[in-house]
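First residue of the sequence shown: 8, per my numbering; consecutive thereafter. For glycine and all other residues, C-beta sits at the position ideal for the given N, C-alpha and C. None of the values given here were measured: they were computed from a predicted structure. Please read the structure below before turning to the comments.
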Amino acid sequence: MAYDPDNIFAKILRGELPAHKVYEDDATLAFMDIMPISRGHVLVLSKAPARNILDIDAADLARVVAVVQRVARAAKEALGADGVTIQQFNEPAGGQTVFHLHFHVVPRWEGQPLRPHGAIKADPADLKRDAEQIAALLV
Ligand code: AMP
Numbered sequence: 008m009a010y011d012p013d014n015i016f017a018k019i020l021r022g023e024l025p026a027h028k029v030y031e032d033d034a035t036l037a038f039m040d041i042m043p044i045s046r047g048h049v050l051v052l053s054k055a056p057a058r059n060i061l062d063i064d065a066a067d068l069a070r071v072v073a074v075v076q077r078v079a080r081a082a083k084e085a086l087g088a089d090g091v092t093i094q095q096f097n098e099p100a101g102g103q104t105v106f107h108l109h110f111h112v113v114p115r116w117e118g119q120p121l122r123p124h125g126a127i128k129a130d131p132a133d134l135k136r137d138a139e140q141i142a143a144l145l146v
């Protein structure tokens, strides 16, 4: 399948749709998932026009994975989490719903189950607060 430049995340990257940004550099953008499966759920995108891990250039993948690590460390510390789960889905059969390469950084607390994937909208005020707390550790 070809990359669709009108997917939701491409529009966020172009500034055509809003997002609670956590981190940005020349190759990556990180922002809060609006339907988090856990408090502090961040999406880390490559700015390269790739659908997923199956078509992204290896150098672009390396850049985004390095930021996934930084965001995971920052989210865990900022929110006082016990651990972090990283998720990444590819094509509909792999569970992907937005077809622009991204990683999920999901802070975890002992004994706390995850909410369903992409199902329950968060309060924007909570997203704003958590984005600011995580971003403060990424400057
Ligand atoms: P995936 O199934 O890996 O493609 O995940 C897509 C994720 O994007 C889901 O977790 C959704 O909750 C999230 N999502 C969808 N639209 C937006 C949006 N406008 N801003 C932030 N996150 C979004």
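Any non-hydrogen atom of the ligand AMP within 6 Å of residue i CB
i	result
Q103	yes
F96	yes
I93	no
I15	yes
M42	yes
G125	yes
Of the listed residues the options, nearest to residue i (C-alpha basis)
i	options	result
I93	V75, Q103 and D62	V75
L144	A81, D62 and D33	A81
P120	V105, D89, R21 and K135	D89
A55	A132, A138 and H109	H109
L134	I63, V146, A100 and K28	K28
H48	A57, A79 and K18	A79
Reduced DSSP category for residue i - H, G, I as helix; E, B as strand; rest coil
i	result
K54	coil
R115	strand
I44	coil
F106	coil
V71	helix
L36	strand
I15	helix
Q95	coil
G101	helix
K28	strand
V49	strand
Any C-beta of chain D under 7 Å from that of residue i
i	result
D67	In summary, chain D is missing from the structure at hand, where a single protein chain is found.
Whole-number beta carbon distance between residue j and residue i, since they are thought to touch under 8 Å
i	j	result
Q95	I60	6 Å
N14	V113	That belief does not hold up - the Cβ atoms of N14 and V113 are roughly 21 Å apart, past 8 Å.
Are the stretch 41–56 and the stretch 116–136 touching by the rule of at least three beta carbon pairs closer than 8 Å? The stretch 116–136 and the stretch 41–56 touch, with three or more beta-carbon pairs separated by less than 8 Å.
Any contact of the stretch 24–42 with the stretch 73–90, i.e. 3+ C-beta pairs under 8 Å? Cβ pair count under 8 Å is three or more, so yes.
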